[in-house]
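Report on one structure; see the data block that follows.
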Amino acid sequence: MDSKKPSPNNNEPTLREHVYDGIQEYDQKLPNWWLFTLYIAIAWFVVHWLCYYQLGLGSSDTSIIDKAMAEMQQARDKQMESITDEQLWALSRDAAAVEAGKATFMTPGMCVTCHGPDLSGMLSGAKLPGLPLNDQEWKHGGKPTEIFKIVRKGSPDITKGMAAWEQVLGMKRVSEVVAFVLSHHKEGEPITRAADSPPAPATTAPAPAAK
1 MDSKKPSPNN NEPTLREHVY DGIQEYDQKL PNWWLFTLYI AIAWFVVHWL
51 CYYQLGLGSS DTSIIDKAMA EMQQARDKQM ESITDEQLWA LSRDAAAVEA
101 GKATFMTPGM CVTCHGPDLS GMLSGAKLPG LPLNDQEWKH GGKPTEIFKI
151 VRKGSPDITK GMAAWEQVLG MKRVSEVVAF VLSHHKEGEP ITRAADSPPA
201 PATTAPAPAA K
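Following full-length UniProt numbering, the numbering of the sequence shown begins with 1 at its first residue and continues without gaps.
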């Protein structure tokens, strides 16, 4: 093994005597700024590990994002709860909104796939998966706000009904689709619940049994 003596000149780098694979190492002290940076990084890691993983202090990016998304959804739901049947009927008489809703409805893979281009639930004599939307028989209620909720949140039984479209379309386009559907109806027309509809929530107490 070849070896070299340390340089007698203190102004020049000093080499260690051992040689490995023809390579020698400098025998120099690391600069203080580098050492202090290393020590601070180690101390920060220890403090962060104790606070975050052991004491449960602070929040992860995931939890911060989830919290922000939940707050946004709550604000959106609160805003949507203030929408009335009258407002949706008025939107159904807005030609621009109806036309935009029609464009969304007729997009391949969207509403037209299950409900048909004429909203009848039929296509060339064949029954489509979706229910007709152009009659007065509604499975989940035919009020504009009820239709709006079904488009937003989907059917109560997703295995037998429509999926939620709110995340796909956004609130504006959902409103326009509802306006397009309502444009095929007249305000105040009678609504009949379908035979297989889930029971409507009771609004009055049942009559007492006869004695």
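Just so it is clear, CB atoms sit at the ideal spot from N, CA and C, and this is done for glycine as well.
What you are looking at is a predicted structure, and each value in this text was computed from that prediction instead of being measured.
- Note: residue 127 is bridge-paired with 122 in the DSSP secondary-structure output.
- In the three-state scheme derived from DSSP, where H, G and I count as helix and E and B as strand, residue 33 is classed as helix.
- Only buried fits residue 162, as 16 or more other CB atoms lie within 10 angstroms of its CB.
- Beta-bridge analysis with DSSP links residue 23 to 20.
- A check of alpha carbon separations from residue 183 across 75, 139, 101 identifies 101 as the nearest.
- Beta-carbon to beta-carbon, residue 171 and residue 93 are separated by about 20 Å, too far to satisfy the 8 Å threshold.
- Under the criterion of beta carbons closer than 8 Å, residue 147 and residue 174 do not qualify as touching, at roughly 10 Å.
- Spanning the alpha carbons of residue 96 and residue 47 requires a straight line of approximately 59 Å.
- With fewer than 16 neighbouring CB atoms inside 10 Å of its own CB, residue 16 falls in the exposed class.
- Secondary structure note for residue 171: its alpha helix (DSSP H) is the uninterrupted segment 166-182.
- Rounded to whole angstroms, residue 25 and residue 14 show a C-alpha spacing of 9 Å.
- Beta-bridge partners of residue 50 (DSSP): none assigned.
- Beta-bridge partners assigned by DSSP to residue 137: 192.
- Out of 79, 137, 130, 136, the CA that lies nearest to the CA of residue 154 is found in 130.
- Here residue 144 is near residue 89, since their CB atoms are less than 9 Å apart.
- Residue 119 and residue 63 have their C-alpha atoms spaced approximately 42 Å apart.
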